[in-house]
Amino acid sequence: MEVTISVIIALVLASSGAAFGADAAALWAQHCASCHGKDGTGTTMMGKKLGLKDYTKDQGFSDAEATKVIKNGKGKMKGYKDKLSDADVKALVAYVRSLKK
Ligand code: HEC
Numbered sequence: 158m159e160v161t162i163s164v165i166i167a168l169v170l171a172s173s174g175a176a177f178g179a180d181a182a183a184l185w186a187q188h189c190a191s192c193h194g195k196d197g198t199g200t201t202m203m204g205k206k207l208g209l210k211d212y213t214k215d216q217g218f219s220d221a222e223a224t225k226v227i228k229n230g231k232g233k234m235k236g237y238k239d240k241l242s243d244a245d246v247k248a249l250v251a252y253v254r255s256l257k258k
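According to the working numbering, the stretch in the sequence shown is residues 158 to 258, in order.
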């Protein structure tokens, strides 16, 4: 019995641990893809209107700049610091980097 309980506790801990790590792809699809496009090319209706750069080709910003923009916004992009945790923002910066071909 005690073994069963500790196995269950271990499983619960393991799955909550997995959920804690930000799922950057889901965050991107939810918050960012409407402008930047699912693939980061910026070829959405909004993206074209805003003249967004193609992040599969052109990433002329540092990690620190990207972090700042995601938190505080830039131009027509609003900041996400109320919606996203620091870990989420960090995961998104890494995600944006991974879009570059
Ligand atoms: C309302 C449309 C919109 C949404 C939604 C949006 N962005 Fe942006 N994003 C922009 C605009 C506009 C810029 C500024 C482009 C420029 O000035 O070159 C920008 C710039 C950026 C930059 C580049 C910063 C730089 O210094 O050039 C990054 C990185 C970025 N966005 C990531 C994200 C992430 C991550 C999300 C989701 C959390 C997101 N964006 C959501 C419109 C949007």
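For every residue, glycine included, the Cβ atom is placed at its ideal position computed from N, Cα and C. Treat the numbers as computed from the prediction; the structure is a model and nothing was measured.
1. Let me check understanding here. Comparing Cα to Cα, which of Lys257, Lys233, Lys258 and Ala223 lies closest to Asp245?
2. The alpha helix (DSSP H) spanning Gly204 covers which residue range?
3. Given the structure, does Leu207 come close to ligand 1, in the sense that its CB is under 7 Å from one of the ligand's heavy atoms?
4. CA-CA distance, Lys257 and Ser163?
5. Check whether the Cβ atoms of Ala181 and Leu249 lie closer than 8 Å to each other.
With the structure as the only source:
1. Ala223
2. Met202 to Leu207
3. yes
4. 44 Å
5. yes
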